[in-house]
Every structure is written in structure tokens, then in C-alpha cells.
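If you're matching positions, the sequence shown starts at 172 in this note's numbering and goes up one per residue. Yeah, the Cβ is synthetic: ideal placement off N, Cα and C, and Gly gets one too.
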Amino acid sequence: MSASLQPPLALLAEVTHRCPMRCVYCSNPLVLEPRSAELDTATWCRVLDEAAALGCLHVHFSGGEPTARGDLPKLVAQASAAGLYVNLITSGVMLDAGTLAPLVAAGLEHVQISFQDIEPIAGEWIGGLKGAHARKLSAAALVADAGLALTVNFVVHRHNASRVAEMIELGRSMRAGRIEVAHVQYYGWGLRNRASLLPTREQLDRVTAVVEAARERLRGCLVIDYVIPDYWARLPKACMGGWGRRFILIDPAGRALPCHAATTIPGLSFDSVRDRSLSEIWTQSPAFQRFRGTAWMSEPCASCERREIDWGGCRCQALALAGDAAATDPVCWKSPRHDALAGLAASESSMQQASLVYRGSPA
Ligand code: SF4
Ligand code: SF4
């Protein structure tokens, strides 16, 4: 590894696309990997060892719903034995006492459970699964009772933005140490449903005020992370901490990706952990090198003082909104497309009625 290239902080192990939920904002791709294409247990175990050897500190098991894989306890044990801090990112709907116990015994340390709302019917409308809310509450209680660190994630959009204060109270009542209030990010199925989900500017401002007040009130007791919808921002986020800088994501079929939506970018080819080691991929894969650092940038990013802060924003968003993955993220006020994006946000967020498209299931 060259002196300037640091190892990834974390491995995002997307072990399956299978999931009983059908969230209308799911960041999984529109074409989902079938079970028959998933990596086997032995390959995942090798990858976890390689991640630890490469210098990763954390592994985040996600999906789809990672507990849909019967070998998850084995993968958790392998990761824990390799010295990785093990986090499970789950919908919670398949997490009962019988599922959790072997994961705890295997070395699971942290669980993040996503909630669609505080109201069961409204949440189940967005998540596409009846009875999900009660199962999530029960899973959160089991995680807290087991003494694991718990993060509760609330996904915010036009239809639940008025209930964020109650979401934070619900998170506290579930004994979460951290609450994430995250507006929908418009990739995958979220992009498909953007016109139905994007909040108005006024809604966003009210949510921001609620979160800031709660942060002040709960300082020292609870951490509240807050993620706004890019479409209303003037500066882009450092997507994934910069392309190929902090994270390496392995999809269910074994492709190594710099971010969830990278496969939408035409012309990139992704190495598979079936063929190459994680270290080779991190240091040599053309897809990881394509937008790493600043050499790929053109103006206005190339000479901007923020180029090593936000790394030019999100490449997949630049593709989706500007038609060019190498363009400045249109979220940035310096982008020539920023005004058009602001106009799109204003018009889509004020649409009265738009139908929802539910996430599909893998073949
Ligand atoms: S966002 Fe919803 S549908 Fe997508 S993986 Fe998570 S729980 Fe499943
Ligand atoms: S011009 Fe580029 S580097 Fe500068 S703030 Fe905008 S996106 Fe970031």
C-alpha cells in the first residue's frame, strides 16, 4: 500500500439482498441479487480475515436483511475472532430471542435497528410489511436486555417529518445509546420514489429545529446523528468519507464497491472477492482508483478549498442528476446545475399525490 493510501476503516458486508420488508426508500439496487448468487460461508470467512489483516476496524453486516442468512452467527464469530468490532444493521423483524442468542455468543457488539415511524400503520405503509412495528420494538428490547450497544435509526420523509420529536422519545424509551434521524437518501428505490417522499423546505427546517433542540436538551445522555436530504443542501456531503478512502462494500454476489450505488455508474468494472484478495482490490482495483483523491476533478472542484473536505460530493448523485459521474455534485452551490436541482426539489416536494413503488424481492 502506498504511504498516502490508508486502509479502510470498515468493511460493509452486504451479505444478502433478501429481506421481508419492501421499504420504498431502500438503497439496494433496482435489480437485486438472487440467493443463488450469494457468496458462500467460506468465502465470507476469508474476506473477514482479509479485512482485519488489511487494517479494517469494524464490520457492518447489512443487506437486505442480514439475519436472513442462517450462517450469520458463523460470520460474526469469524469477524470477532479476527479482531473486528461487529455491528449488525437490521430491520429487526427477524430478530427474536432464538436468533439473537447465537449472535451474542458469537461476539456481536452493536445492533442498529431501523424504524419507519412511531405509528405502526404509517410505518408499515412505508415498509410494506404488516406487523413489522411490534416486531421491531420487541427486537430492540431484546438487544438492550442483552447488554449490547443499540442505535435506533428513524428514516424521515414528507409523510412522517411532523413526528420527529416523538421518534426521539421512542428511541430513548428503547434504551438506545444513539439515535439516527436520517432523511431518505435518494438512491436505489428512494430515487424511484423521490417525488412521493421529498419533504418541503419548511418541513426540513422544522425537523432540523426539533433535532437541534433535542440535542441540546439531551447533551451528555444521548447522541443524535442527523442526516439531511442532499437536495435541500448548498454543500455536498463527503459521500462515504470520500470515494475509496474509508469504506469497502462487498455486495451479496462478492463485488467490491466504493459505495452502495456505484454499480449505476457506466464504464466501471468491479473486482470480485471470488477472484482477488481484499488488499489487491483496495490498492489496485480500477473502480476504487477512478474517483479516489482529487486528480480526477475538473473545475470548480479542482481548485476549490473544500476539495479534500467533501471530495467533490457524491459520484452517483452527479450521474443521476447531471448525467456525468465526474461532474461536481449538483448539490454544491458552485455547480452550474445547482439552481436546476433547487427547482426540482421545490416542485417535487410540493406534489400532492404520487404513488409509491415498493422494493421488489430477489428472484
Ligand atoms: S431498507 Fe427496508 S427493504 Fe431495504 S434492506 Fe432495509 S429493511 Fe429491507
Ligand atoms: S466545488 Fe467541488 S470541492 Fe468545492 S464545495 Fe463544491 S463539490 Fe465541494
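Under the three-state reduction of DSSP, Gln249 is assigned to helix.
In this structure, DSSP gives His354 an extended state, which the three-state scheme calls strand. Asn199 is positioned such that its CB atom lies no closer than 9 Å to that of Phe232. For ligand 1, a non-hydrogen atom lies closer than 8 Å to the CB of Arg530. Per the DSSP secondary-structure output, Tyr256 pairs in a beta bridge with His229. At a threshold of 8 Å, Asn258 does not count as near ligand 1, since its beta carbon sits no closer than that to any of the ligand's heavy atoms. Ile436 and Ser469 have their C-alpha atoms spaced approximately 18 Å apart.
Secondary structure at Asp316: helix, using DSSP grouped into helix, strand and coil.
Listed in chain order, the non-local C-beta contacts of Leu439 below 7 Å within the same chain comprise Ala433, Ala458, Arg461, local neighbours out to five positions each way being set aside. With 16 or more other Cβ atoms from the protein chains shown falling within 10 Å of its own Cβ, Gly361 counts as buried. Judged by beta-carbon spacing, Glu204 lies within the 9 Å limit of Ala424, meaning their Cβ atoms are closer than that value. For Asp396, there is no enclosing alpha helix (DSSP H); the enclosing beta strand (DSSP E) covers residues 394 to 398. Thr322 is bridged by DSSP to Gln283, Arg349. In the structure shown, the three-state DSSP call for Arg426 is strand. Here Ala404 is actually not in contact with Val323; their C-beta atoms are around 24 Å apart, not less than 8 Å. If you draw a straight line from the Cα of Asp401 to the Cα of Cys190, it is about 26 Å long. As computed with DSSP, Val327 is found in a beta bridge with His354. The continuous beta strand (DSSP E) containing Ala184 extends over residues 181 to 185. Taking the Cβ atoms as the reference, Thr261 lies roughly 6 Å from Thr238, within the contact range of under 8 Å. Membership of Phe459 in the alpha helix (DSSP H) is indicated by the continuous run 457 to 461. Two segments are said to touch when three or more pairs of C-beta atoms, one from each, lie closer than 8 Å; by this definition the stretch 377 to 396 does not touch the stretch 489 to 507. Residue selection by CB proximity (closer than 7 Å to any heavy atom of ligand 1) returns Cys190, Met192, Arg193, Cys194, Tyr196, Cys197, Ser198, Asn199, Gly234, Gly235, Glu236, Ser262, Ser285, Gly298, Arg530 in chain order. CA-CA distance, Gly234 to Ile399, rounds to 22 Å.
Looking at the backbone, the Cα of Lys505 and that of Leu279 are separated by about 44 Å. Collapsing the DSSP output to three states places Leu266 in coil. Pairing Leu266 with Ile284 gives a Cβ-Cβ distance under 9 Å. Non-local beta-carbon contacts of Thr465 in its own chain, meaning distances under 6 Å to residues more than five positions away in sequence, involve Arg478 in chain order.
Short of 6 Å from the beta carbon of Trp215, and not among the five residues preceding or following it, lie these beta carbons of its own chain, in chain order: Leu246. Within a 10 Å sphere around the beta-carbon of Leu274 sit 16 or more other beta-carbons, which makes this residue buried. Tyr196 and Asn364 do touch by the CB rule: their CB atoms are close to 6 Å apart, below 8 Å. As DSSP reads the structure, Ile419 sits in a beta bridge with Leu182. Less than 9 Å separates the beta-carbon of Leu319 from that of His281. Across the structure, Ser456 and Arg334 are spaced so that their CA atoms are roughly 44 Å apart. Counted as a single uninterrupted DSSP element, the alpha helix (DSSP H) harbouring Val381 occupies residues 372 to 388.
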